Amino acid sequence: MADAELSFPPHPLANPGYGKRSTGYELPRSATDFAHLPPREAAIAAYIDRVPEGSDISVKTLAKQLPYGQCALRTALNRIQRAGHLRRGRECLDGRWITRTWFSRTPRDVTWWAAFRRGDVPREPKRPTRSRAYILLAALGRTNSAMSLSHAECHALAPLVEEWFARDAEESDVLRALTAGLPPYVHHPAAMARRRLKDKLPPEPIRRDAAIRRILECAECGAPDFTDSLTDGHCRPCRTAQSPAPPPTALPADRVRAHAAQARAALRGQPAGL
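Residue numbers (the numbering used here): 9 to 282.
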């Protein structure tokens, strides 16, 4: 935003009926009005915001007032328009069709601009609440200008970034995934960001509280049990100790006689024939 604070000569006005027109539904200026734009676009938008109503903000005139060429200014104005700050349109005035240029300090979506053209917009705008994901995406162009995103693109991609945050990712992790190893020229920054956010999505974290089972206490000894096996309120050692010994199994009569013969033979030291 430093460029926006430079001092420039008085900006020329356009012919009557032309030039900049403010929307009239603005909040007071703040230091973060154009923070979501890349530095060059933020400086140009801040300059247009401060020139008087009716100023000539054509590319040729802006090139004479700002340290940017016409090609750079044309690209910047298109980006400012996509971000929701600028609209151009034709309007009939006294039987003549003229080109109007409207400027809004607050970024507006397509629906708002359509309502504005119909004369049907709220009189008291509220500053939109920007999520943590939106702020990160809006500032992406400052990390790497090739990944500059518009206002609408930031809103569309914000849910994907929120998914990263839900998986314990930090802002630095998202920035690294979106800006590291980029090709020499990025044709579609939003498409590139969408693909990387999906392909590089980190795995779901293994949370300690989800891995540890419910801890129960034995009603007999009070010892904790980590196996969730207290089905009757007692731990396994206590339940085993309280269980009665199983009754002896009755042997057939011939087996009883055979064991008795073995015992007598053992006493005499002679082998017993079975």
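Glycine residues also receive a C-beta, built at the ideal position from the N, C-alpha and C atoms.
These figures come from a predicted structure and were not determined experimentally.
Exercise for the section: Give the DSSP-derived three-state secondary structure of PHE42 in the structure shown. Expected result: Translated into the one-based positions of the sequence shown, residue 42 becomes position 34. In the structure shown, PHE42 sits in coil (DSSP, three-state: anything other than H, G, I, E or B).
Exercise for the section: Reducing DSSP to helix, strand and coil, say where LYS208 ends up. Expected result: Stepping through the sequence shown from its first residue, residue 208 is reached at position 200. If DSSP states are grouped into helix, strand and coil, LYS208 belongs with coil.
Handout entry: Delimiting residues of the beta strand (DSSP E) encompassing ARG29
Key = Numbered from 1 along the sequence shown, position 21 holds the residue referred to as residue 29. Per DSSP, ARG29 belongs to the beta strand (DSSP E) from 28-30.
Practice task
Determine the closest residue to ARG150 out of LYS28, GLY32, ALA50 and ARG37, with distance taken between C-alpha atoms.
Solution key: For this step, residue 150 is matched to residue 142 along the sequence shown. Out of LYS28, GLY32, ALA50 and ARG37, the CA that lies nearest to the CA of ARG150 is found in ALA50.
Exercise for the section: Going by CA-CA distance only, name the one from ALA80, GLU34 and LEU209 that's closest to PRO115. Expected result: Numbered from 1 along the sequence shown, position 107 holds the residue referred to as residue 115. Checked all of ALA80, GLU34 and LEU209; the closest Cα to PRO115 is GLU34.
Exercise for the section: May I ask you to report which of helix, strand or coil DSSP gives SER180? Expected result: Position 172 of the sequence shown holds residue 180. Looking at SER180 - three-state DSSP - the assignment turns out to be helix.
Exercise for the section: Measure the C-alpha to C-alpha separation of GLU61 and VAL118 and round it to an integer number of angstroms. Expected result: On the sequence shown, position 53 is the one that residue 61 refers to. On the sequence shown, position 110 is the one that residue 118 refers to. Distance between the alpha carbons of GLU61 and VAL118: 23 Å.
Problem - GLY149, enclosing alpha helix (DSSP H) - first and last residue - result: Translated into the one-based positions of the sequence shown, residue 149 becomes position 141. Run containing GLY149: 148-151, per the alpha helix (DSSP H) assignment.
Practice task
Pick helix, strand or coil for THR114, following the three-state DSSP scheme.
Solution key: By one-based count along the sequence shown, residue 114 stands at place 106. The answer is coil: DSSP assigns THR114 none of H, G, I, E or B.
Problem - Other residues of its chain near LEU168: CB distance less than 6 Å, five sequence neighbours each side excluded - result: Sequence index remark: in the sequence shown, residue 168 carries index 160 (1-based). Hits under 6 Å: LEU205.
Problem - LEU74 (DSSP reduced to helix, strand or coil) - result: Reading the sequence shown from its first residue, position 66 is the one you call residue 74. If DSSP states are grouped into helix, strand and coil, LEU74 belongs with coil.
Exercise for the section: Please say whether ASP64 and GLY27 have beta carbons closer to each other than 7 Å? Expected result: Start at 1 with the first residue of the sequence shown, and residue 27 comes out as number 19. Start at 1 with the first residue of the sequence shown, and residue 64 comes out as number 56. Contact: yes.
Handout entry: Closest residue to PRO36 among TYR55, GLY97, GLY92 and ARG113 (Cα-Cα distance)
Key = Start at 1 with the first residue of the sequence shown, and residue 36 comes out as number 28. Taking only the C-alpha atoms, the option nearest PRO36 is ARG113.
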